[in-house]
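Asks: To start, I am sharing the structure in question, which I have written as structure tokens.
Protein chains: 2
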Amino acid sequence: MAARVGLTPERLTQAAAELADEVGFDQVTVSALARHFDVKVASLYSHVKNSQDLRTRIALLALEEMADRAADALAGRAGKDALTAFADVYRDYAREHPGRYAAAQLRLDPETAAASAGVRHAAMTRAILRGYDLTEPDQTHAVRMLGSVFHGYVSLELAGGFSHSAPDAQESWSRILDALDALLHNWPTA
Amino acid sequence: MAARVGLTPERLTQAAAELADEVGFDQVTVSALARHFDVKVASLYSHVKNSQDLRTRIALLALEEMADRAADALAGRAGKDALTAFADVYRDYAREHPGRYAAAQLRLDPETAAASAGVRHAAMTRAILRGYDLTEPDQTHAVRMLGSVFHGYVSLELAGGFSHSAPDAQESWSRILDALDALLHNWPTA
DNA sequence: TGCATCTGCCTAAAGCCTTTAGGCAAACGG
DNA sequence: CCGTTTGCCTAAAGGCTTTAGGCAGATGCA
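Line order of the protein sequences matches chains A and B.
To convert, note that position 186 of the first sequence is 186 in the UniProt record's numbering; the numbers rise steadily by one, no gaps.
To convert, note that position 78 of the second sequence is 78 in the UniProt record's numbering; the numbers rise steadily by one, no gaps.
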């Protein structure tokens with residue numbers, strides 16, 4: 001009867017990611033996705049295991065996209081230049097793709113996480129620190145701190161925490177990166 | 001027929017908060033709450049406007065509880081002592097009450113946010129900076145950075161980001177607070 | 001104490017989302 | 001050209017949300 005639409009897990013994931021950016025990650029639903037393709041809901045279950053599977057796929061896509069951008073931004077840069085470029089990747093990505101960014105915060109089970117682009121993120125963060133003079137275990141502490149600041153700031157900004165108050169969010173972001181650079185140059189030893 | 005159970009918005013909110021800590025904030029549902037009180041679902045709608053209202057109440061409760069703890073921790077402390085005590089309040093609260101902590105991240109509409117304990121949090125963060133020598137606008141940048149680090153670290157730790165890898169999360173947390181203290185003492189000027 | 005009112009929890013029902021089972025026809029491969 | 005595979009469909013069950021309307025226990029006043 002109806003012509004085949006040509007659904008695949010990839011197309012579904014892509015469309016779901018766009019949907020997430022439009023209406024919010026937790027509004028992404030198998031039903032909404034089916035409506036988008038003008039297809040019956042049950043049809044999607046041949047391509048995606050269930051609702052949770054769909055969400056996980058969006059998360060993995062977002063992690064990949066961010067890692068790709070980060071790798072690109074890091075090429076040929078070092079020191080503060082690398083730090084800034086790397087940080088901006090996350091902030092810009094979150095602003096461009098709030099739904100995908102929210103998806104990337106999804107708690108993945110350990111095996112899925114290990115196979116995700118999350119490991120690339122960790123490796124790149126460590127690579128940035130090569131521009132500073134940190135040895136273990138301080139390097140790990142610094143990795144965790146950078147991750148926390150980036151994630152925390154972007155989350156708060158996305159949640160509207162800094163809007164409608166001076167100074168603007170961009171200004172604080174720049175000055176915080178200055179501060180982080182200074183801190184990494186002068187990391188206190190125990 | 002059935003004896004009155006004595007439902008109130010407060011009791012519902014309290015029970016919902018406990019439920020959130022047990023099963024996760026996004027598993028908190030009007031239906032689950034009704035089951036907990038052994039009452040029909042519709043009965044709750046006399047006390048709570050809807051599902052979103054229930055979630056918001058949990059968030060407001062969490063913000064209040066955290067602000068109370070923070071105010072307590074801050075009393076009689078200054079400088080790094082205050083910084084550490086304040087930071088530990090958030091981390092400990094999140095570990096004790098993961099569901100409530102997740103609730104506190106809920107995006108509130110501006111008016112609700114303005115009337116919430118969120119303003120106390122901002123004021124207390126600023127109070128901590130009195131122990132350091134920062135003037136505007138750097139003080140605001142520092143407030144935002146502290147908020148980002150605390151929120152970011154706690155979120156990542158809660159998401160399991162630091163588990164099963166050395167050094168342990170407590171060690172990093174201590175060293176990051178050392179680093180923040182050093183940074184605030186030596187904030188780079190533009 | 002008796003009665004009227006109010007309040008609180010109930011039944012009923014509609015709407016939407018998820019997920020599984022089984023069917024039919026279009027696409028594909030020999 | 002025809003058999004098989006594959007993809008989307010119908011059907012159905014179960015859960016959560018929310019509104020409307022009803023009945024009885026609690027409350028308050030005489």
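Heads up, the beta-carbon is just placed ideally off N, CA and C, and yes, glycines get one too.
1) Please name the residue, chosen from B/A42, B/L19, B/R11, that lies closest to B/F103 on a Cα-to-Cα basis.
2) Among residues of its own chain, excluding the 5 on either side of A/T189, which ones have a beta-carbon nearer than 8 Å to its beta-carbon?
3) List, from N- to C-terminal side, the beta strand (DSSP E) runs of 3 residues or more that fit wholly inside the segment 85 to 142 of chain A.
4) Measuring CA to CA, which of A/T56, A/M66, A/Y90 is closest to A/D26?
5) Please list, in chain order, all residues of the same chain as A/H47 whose beta carbon is under 6 Å from its beta carbon, the five residues on each side excluded.
6) Grouping DSSP H, G and I as helix and E and B as strand, with all else coil, what is residue 192 of chain A?
7) Could you tell me whether any Cβ in chain A is nearer than 7 Å to the Cβ of B/H121?
8) List, in chain order, every chain A residue whose beta-carbon is nearer than 7 Å to that of B/M124.
9) Less than 7 Å separating the beta-carbons of B/V143 and B/T125?
10) Against B/Y132, what residues of chain A qualify as contacts under a CB-to-CB distance less than 8 Å, listed in chain order?
11) Please confirm if the segment 38 to 45 of chain A is in contact with the segment 83 to 97 of chain A, defined as three or more CB-CB distances below 8 Å between the two stretches.
12) Taking the alpha carbon of A/Y90 as the point to measure from, which residue in A/H151, A/V5, A/N186, A/G160 has its own alpha carbon closest?
13) In chain order, what residues of the same chain have a beta carbon less than 6 Å from the beta carbon of A/A62, not counting five sequence neighbours either side?
14) Take the Cβ of A/S31 as the centre, count every other Cβ of all protein chains shown within 10 Å, and call the residue buried at 16 or more, exposed below.
15) For a contact defined as C-beta to C-beta under 8 Å, what are the partners of A/M145 on chain B?
16) Counting only the same chain and skipping the five closest in sequence on each side, list residues whose C-beta sits under 8 Å from that of B/I176.
17) Using the rule of at least 16 other Cβ atoms within 10 Å of the residue's Cβ for burial, across every protein chain shown, is B/S165 buried or exposed?
18) Span of the alpha helix (DSSP H) holding A/Q27?
19) Interface residues of chain B around A/G6 at Cβ under 7 Å?
20) Between A/H141 and chain B, is the shortest Cβ-Cβ distance under 7 Å, so that the two count as touching?
21) Using the beta-carbon of each residue, which ones in chain A are nearer than 8 Å to B/F162?
22) What do you get for A/T135, buried or exposed, if any count of 16 or more other CB atoms within 10 angstroms of its CB means buried?
23) Report the start-end ranges of each alpha helix (DSSP H) in the segment 146 to 185 of chain A that is 4 residues or longer and not cut off at the edges.
24) Show which residues of chain A have a CB atom less than 7 Å away from the CB atom of B/P137.
25) Any Cβ of chain B within less than 7 Å of the Cβ of A/L156?
Replies: On the basis of the coordinates in this document:
1) Note that residue 103 of chain B is Ala in the sequence shown here, rather than Phe. Closest option to B/A103, Cα to Cα, is B/L19.
2) D138
3) none
4) A/T56
5) L7, P9, L12
6) Limits of chain A in this structure are 1 at one end and 190 at the other, which puts residue 192 of chain A out of reach.
7) no
8) Under the 7 Å cutoff, chain A gives no residues; its nearest Cβ is about 15 Å from B/M124.
9) yes
10) Residues of chain A passing the Cβ test: none, with the nearest at roughly 12 Å.
11) no
12) A/H151
13) R100, A103, A104
14) exposed
15) V149, Y153, S172, I176, A179
16) V149, Y153
17) exposed
18) No alpha helix (DSSP H) holds A/Q27; DSSP gives it neither H nor E.
19) Within 7 Å Cβ-Cβ: nothing; A/G6 doesn't reach chain B, min ~33 Å.
20) yes
21) R144
22) exposed
23) 169 to 185
24) P167
25) yes
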